[in-house]
Amino acid sequence: MGQDKQVNIIHHWRILSNVMRRMNTFKMIRLRGKQSNTAKYYFDGHIYYHDGRGSSTIFRCKEKNCSGCVARVYVEHFNNLDHPEVVYEHNHDRDDNVLLKEDFKEELEMLARTTFDDVRDIFDTVRRKEQYGPSFEKYRHLNRLRRSFGPCHNLF
Numbered sequence: 048m049g050q051d052k053q054v055n056i057i058h059h060w061r062i063l064s065n066v067m068r069r070m071n072t073f074k075m076i077r078l079r080g081k082q083s084n085t086a087k088y089y090f091d092g093h094i095y096y097h098d099g100r101g102s103s104t105i106f107r108c109k110e111k112n113c114s115g116c117v118a119r120v121y122v123e124h125f126n127n128l129d130h131p132e133v134v135y136e137h138n139h140d141r142d143d144n145v146l147l148k149e150d151f152k153e154e155l156e157m158l159a160r161t162t163f164d165d166v167r168d169i170f171d172t173v174r175r176k177e178q179y180g181p182s183f184e185k186y187r188h189l190n191r192l193r194r195s196f197g198p199c200h201n202l203f
């Protein structure tokens, strides 16, 4: 299978998964965290992290440290993320593009790992496919990610 077909299939799968995620609004969605053994959770336009202190059924808003958001989500069991209950309101607006941003980052990192294309080309290709224009910070992150794979990927 050619590289373009593989990228096309991955792109269509991401669109389908994004639509399916948006249809299910009464369940928390588990997303990949920054490290391989971590996770973050999406619910109702916000990202939450699992609170490891004490109870395993509490999730705190991602913006807790930045904007002092006190919003928390409770679930009955950690393995069952159906019907979460938001306890406190957020002090910031919801972001309806959270899932689109996550898909964008995943595709950027996947292409940086699997292709030898220039980082600018990868960034522009993915940005044209997705209807999301991220900041320059993501471009710098992609360069750092590419350098971390070793000298064989450092072709630019």
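Numbered according to the working numbering, the sequence shown spans residues 48 to 203. From the three backbone atoms N, C-alpha and C, an ideal C-beta is built for every residue, glycine too.
Asked, Found
"Once DSSP output is grouped into helix, strand and coil, what is the label at F6?", "Because the chain is modelled from 48 through 203, residue 6 falls outside the range shown and cannot be assessed."
"If I measure Cβ to Cβ from V122 and keep anything under 8 Å in the same chain, skipping five residues before and after, which residues do I get?", "M75, T104, F106, L128, D129, H130, P131, E132"
"In angstroms, rounded to a whole number, what distance separates the CA positions of R141 and D91?", "8 Å"
"Take Y96 and list the residues in its own chain whose beta-carbon comes closer than 7 Å to its own, dropping the five residues that flank it on each side.", "K87, F106, R107, K109"
"Nearest to H137 by CA position, among A118, L147, E149, K152, is which residue?", "A118"
"Tell me the residue span of the alpha helix (DSSP H) that contains A118.", "Taken as a continuous stretch (DSSP letters only), A118 belongs to no alpha helix (DSSP H), as it is neither H nor E."
"Compare the Cα-Cα distances from S83 to each of V145, E153, N112, D143 and report the closest residue.", "E153"
"Buried or exposed, going by whether 16 or more other CB atoms sit within 10 Å of the CB of D150?", "buried"
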